[in-house]
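Protein chains in written order, with numbering that gives the first Met the number 0: chain A, 0 to 528; chain B, 0 to 182. Don't be surprised by glycine CBs; every beta carbon is placed ideally from N, CA and C.
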Amino acid sequence: MTTEKIKVSEIPDIIYKTLEALDPEKTLEEVGTIVQVSDGVVRIYGLTHAASNELLECDNGIKAVVMNLEEDNVGAVLLGPTDMVRENDVVKRTGRIASIMAGEGLLGRVINPLGEPIDGAGPITGTCVPMPLERKAPGVIFRQPVNVPMQTGIKAIDAMIPVGRGQRELIIGDRQTGKTSIAIDTIINQRRNFEEGNPVYCIYVAIGQKASTVASLVNTLREKGAMDYTIVVMATSSDPAAVQYFAPFAGAAVGEYFRDTGRHALVIYDDLSKQAVAYREVSLILHRPSGREAYPGDIFYLHSRLLERAAKIIEQDEVAAQMNDLPESLKDKVKGGGSLTALPIIETQAGDISAYIPTNVISITDGQIFLDTELFHQGNRPAINIGISVSRVGGNAQVKAMKKVAGTLKIDLAQYRELEAFTRFGGDMDPVTAQTIDKGRKNTRLLIQLPYHPMSTGEQIAILYCGTHGLLKDVPLHKISEFESGFLSTLRSIHAADVLAPLEKGEINKEIEKTIRETAASVARQFEE
Amino acid sequence: MNQGIISRRYASALWMYAQKNGQEDRVYVEVKRLCRGFSKYEALKRVLSNRMVPQEDKIEVITLVAGENVSHVFSNFIRLLFANKREKFLRIICLSFETIYLKENKILSANLVTAVPVEKDMERRFIQSLEKRTGYSIWLTTQVNPKIAGGYVIMVDTYRLDASVVTKLKRIEKSLLETAINF
Ligand SMILES: Nc1ncnc2c1ncn2[C@@H]1O[C@H](COP(=O)(O)OP(=O)(O)OP(=O)(O)O)[C@@H](O)[C@H]1O
Ligand SMILES: [Mg+2]
Numbered sequence: 000m001t002t003e004k005i006k007v008s009e010i011p012d013i014i015y016k017t018l019e020a021l022d023p024e025k026t027l028e029e030v031g032t033i034v035q036v037s038d039g040v041v042r043i044y045g046l047t048h049a050a051s052n053e054l055l056e057c058d059n060g061i062k063a064v065v066m067n068l069e070e071d072n073v074g075a076v077l078l079g080p081t082d083m084v085r086e087n088d089v090v091k092r093t094g095r096i097a098s099i100m101a102g103e104g105l106l107g108r109v110i111n112p113l114g115e116p117i118d119g120a121g122p123i124t125g126t127c128v129p130m131p132l133e134r135k136a137p138g139v140i141f142r143q144p145v146n147v148p149m150q151t152g153i154k155a156i157d158a159m160i161p162v163g164r165g166q167r168e169l170i171i172g173d174r175q176t177g178k179t180s181i182a183i184d185t186i187i188n189q190r191r192n193f194e195e196g197n198p199v200y201c202i203y204v205a206i207g208q209k210a211s212t213v214a215s216l217v218n219t220l221r222e223k224g225a226m227d228y229t230i231v232v233m234a235t236s237s238d239p240a241a242v243q244y245f246a247p248f249a250g251a252a253v254g255e256y257f258r259d260t261g262r263h264a265l266v267i268y269d270d271l272s273k274q275a276v277a278y279r280e281v282s283l284i285l286h287r288p289s290g291r292e293a294y295p296g297d298i299f300y301l302h303s304r305l306l307e308r309a310a311k312i313i314e315q316d317e318v319a320a321q322m323n324d325l326p327e328s329l330k331d332k333v334k335g336g337g338s339l340t341a342l343p344i345i346e347t348q349a350g351d352i353s354a355y356i357p358t359n360v361i362s363i364t365d366g367q368i369f370l371d372t373e374l375f376h377q378g379n380r381p382a383i384n385i386g387i388s389v390s391r392v393g394g395n396a397q398v399k400a401m402k403k404v405a406g407t408l409k410i411d412l413a414q415y416r417e418l419e420a421f422t423r424f425g426g427d428m429d430p431v432t433a434q435t436i437d438k439g440r441k442n443t444r445l446l447i448q449l450p451y452h453p454m455s456t457g458e459q460i461a462i463l464y465c466g467t468h469g470l471l472k473d474v475p476l477h478k479i480s481e482f483e484s485g486f487l488s489t490l491r492s493i494h495a496a497d498v499l500a501p502l503e504k505g506e507i508n509k510e511i512e513k514t515i516r517e518t519a520a521s522v523a524r525q526f527e528e
Numbered sequence: 000m001n002q003g004i005i006s007r008r009y010a011s012a013l014w015m016y017a018q019k020n021g022q023e024d025r026v027y028v029e030v031k032r033l034c035r036g037f038s039k040y041e042a043l044k045r046v047l048s049n050r051m052v053p054q055e056d057k058i059e060v061i062t063l064v065a066g067e068n069v070s071h072v073f074s075n076f077i078r079l080l081f082a083n084k085r086e087k088f089l090r091i092i093c094l095s096f097e098t099i100y101l102k103e104n105k106i107l108s109a110n111l112v113t114a115v116p117v118e119k120d121m122e123r124r125f126i127q128s129l130e131k132r133t134g135y136s137i138w139l140t141t142q143v144n145p146k147i148a149g150g151y152v153i154m155v156d157t158y159r160l161d162a163s164v165v166t167k168l169k170r171i172e173k174s175l176l177e178t179a180i181n182f
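Next up, the structure:
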């Protein structure tokens, strides 16, 4: 910092702040004494007026959040290392509900759930406003039905399990089935919106993962230019359980900042199974009663109140301004029409979706994307089990052309799977069956997509049109992906304006269909055997 | 989860039992000594939670810390606590008892920390003004701690007013740092 950089106008600011800090009236604090410290949790005698979720501060600056209010004492979870606090330390109330400072300055940064940067790129700059970690979800009158798509860039999802802005769609599957990749693809796919000046801000919350895993993921996002509009909130497996437990709430709070200022945001919780384990740990130390699988009884409520915060906010600014539980700091900034979409991730054990946490979260969300280990190993990646995956509200958000093209895809595939199982027993095939199977195989092949290669809606519609209209019947199965790239690059080079652009907006007509057919036919000719 | 309720119940019972026997002041002194013992010697807690230490020894240690010749009210209470296996709540029970005692007697405990000793006259005036303002009797303890550099830290009941020089300096440092970030 050089002398020239100091602006004169800022000097009174310093003096004012200093004076205010010196005013003894302002330094009256309510304090309590720590009587017990154990694994990230402290019990404090006193603090009779502390409120639930209030932020507390020890004399050495370590922060804690009130979890249990009891007679004469409170239980609080530490947001710092346990060995930094000792019994008999004095803890004071801050009078503030635990919050995170949110603002545009967070974009491109990696922060911890307290909002502190952990990417070594210096302090967060720009104006930030405090957003409470725990906050009630907006009531029904402030919401609006989901009607704008949240494009993931993944063909199988955008066509058959469409997600809308403001929706909560669960990604669920065993370990190493490509759950994170789907979420990352969705973030990368928002690049176009960002470039068009209509960004969907993305918040990736990493819970209980290894720091190195998250670091390489951040690298991928950076390489793809996705960090321009993305914030990574990270609580690693080596952080205290309480910090891991708070991470999704911090992500939601940052998302709400964008949502309530009329913008669009996407938050990914990767993953809530690990958060549930962290919560169980905290609860056991707090001696809360536990129930099924030793999880505390209110774990359902924990996830439902987190996911309820995803919403599409009503367009009218006047109504949005009345929203319940608006933090003071946002009151003059509220705008309608924003949204927060949530993609929670749950890891299952050996595909068991009837375990406690999976069933809970399935019942809370608006649909699920099931990932299947077997499909993954067969090479059908993304390994989405179409048969049992659903999106209950996203259909309304799908663009018209996609709806038309994808309409029969799901049914066709279901029919194909049934017939294929049947033909495994051998026997002759009639021509119709053979054709259905051929089409099914090729469509399945078309849905295979590499990670980190999201595809624009226009291109998705064009290629899926080929699949569903039998334009691939002369292309051999092993040439499908070559056909796909040949077909799409042709469209990109000569039909960007007359085909891809309208399709992107969801428009389709006879003219466009004709061009698609002709292009497909000419590309297919190269692959005929 | 019920730690607070259980401790509070035992503390209230001890209060009633002491009152009935006209021993509340004596028990208060014993409890207070035990509280100080807990905050002064971390080993006390370790001894009490050690399964290898026989119960009789634990009771003896507690009695010693509470002042050797303890009242029969206090020693009966400790025995009951062990019989009910609630000894791990002892610390919070003591704190709760202290709170009850002070409240019932309309007393506020206060603590004044200064860098240099304060004059007796100053102390008296301080107590008077606090008593006038709160309507409670004030029990003041004083401490000299050169580390606070100057000024004072007052604690009344569960409120703390920190007007020490160290804290002021820390605040100035913090606000300077925060302002610097915005350049
Ligand atoms: N569509 C895909 N095509 C090919 N490989 C993929 C695809 N999606 C994911 N993979 C690969 O599979 C591996 C696991 O992916 P990912 O990390 O997304 O899975 P996960 O379910 O999140 O795993 P974990 O349980 O460890 O969190 C990675 O090496 C990734 O590159
Ligand atoms: Mg993962």
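Beta carbon proximity, residue i to chain B, threshold 8 Å
i	result
V64(A)	no
Y294(A)	no
E86(A)	yes
E530(A)	Missing from the structure shown is residue 530(A); chain A here goes from 0 to 528 and no further.
V147(A)	no
Y44(A)	yes
K91(A)	yes
E115(A)	no
N52(A)	no
Coil, strand or helix - residue i by DSSP
i	result
P357(A)	helix
Y203(A)	strand
C127(A)	coil
E517(A)	helix
P23(A)	Because the pLDDT at P23(A) is just 49, under 50, the model does not fix this residue reliably, and the value given afterwards should be weighed accordingly. Of the three classes helix, strand and coil, the one that applies to P23(A) here is helix, per DSSP.
N20(B)	coil
P116(A)	strand
V40(A)	strand
I160(A)	coil
E543(A)	What the structure shows of chain A is the stretch from 0 to 528, and residue 543(A) is not part of that stretch, so it cannot be assessed.
M83(A)	helix
S70(B)	coil
G439(A)	helix
F526(A)	coil
E59(B)	helix
Q397(A)	coil
I387(A)	coil
Near ligand 2: residue i beta-carbon under 7 Å from a heavy atom
i	result
D269(A)	yes
T126(A)	no
Of the residues the options, the one placed nearest residue i, counting alpha carbons only
i	options	result
L132(A)	A101(A), A155(A) and D157(A)	A101(A)
V76(A)	S272(A), I284(A), Y268(A) and V204(A)	I284(A)
T93(A)	D331(A), A50(A), Y200(A) and M130(A)	A50(A)
P112(A)	G31(A), G125(A) and S98(A)	S98(A)
K311(A)	I187(A), A341(A), S289(A) and A519(A)	A341(A)
Y44(A)	N59(A), V498(A), E292(A) and E69(A)	E69(A)
P381(A)	L305(A), D184(A), S215(A) and S488(A)	D184(A)
Q189(A)	S237(A), A275(A), T456(A) and T347(A)	T456(A)
M233(A)	V253(A), Y203(A) and G393(A)	Y203(A)
Ligand 1 heavy atom lying under 7 Å from the CB of residue i
i	result
Q367(A)	no
R444(A)	no
T176(A)	yes
P450(A)	yes
I381(A)	According to the sequence shown, residue 381(A) is Pro rather than Ile. Yes - ligand 1 has a heavy atom lying nearer than 7 Å to the Cβ of P381(A).
Residue-level contact to chain A via CB, residue i, 8 Å cutoff
i	result
G21(B)	no
I91(B)	yes
T157(B)	yes
S95(B)	yes
Q2(B)	yes
T62(B)	no
L107(B)	no
Fill in: Complete alpha helix (DSSP H) runs within the stretch 283–312 of chain A (minimum length 4 residues, chain order)
298–306
Worksheet item: Along the chain, which unbroken stretches of the beta strand (DSSP E) at least 3 residues long are found entirely within the stretch 82–154 of chain B?
Response: 106–113 and 136–143
Discussion item. Just to confirm the assignment: which complete beta strand (DSSP E) runs, minimum length 3, are found wholly within the stretch 163–249 of chain A?
Written reply: 169–172, 199–208 and 229–235
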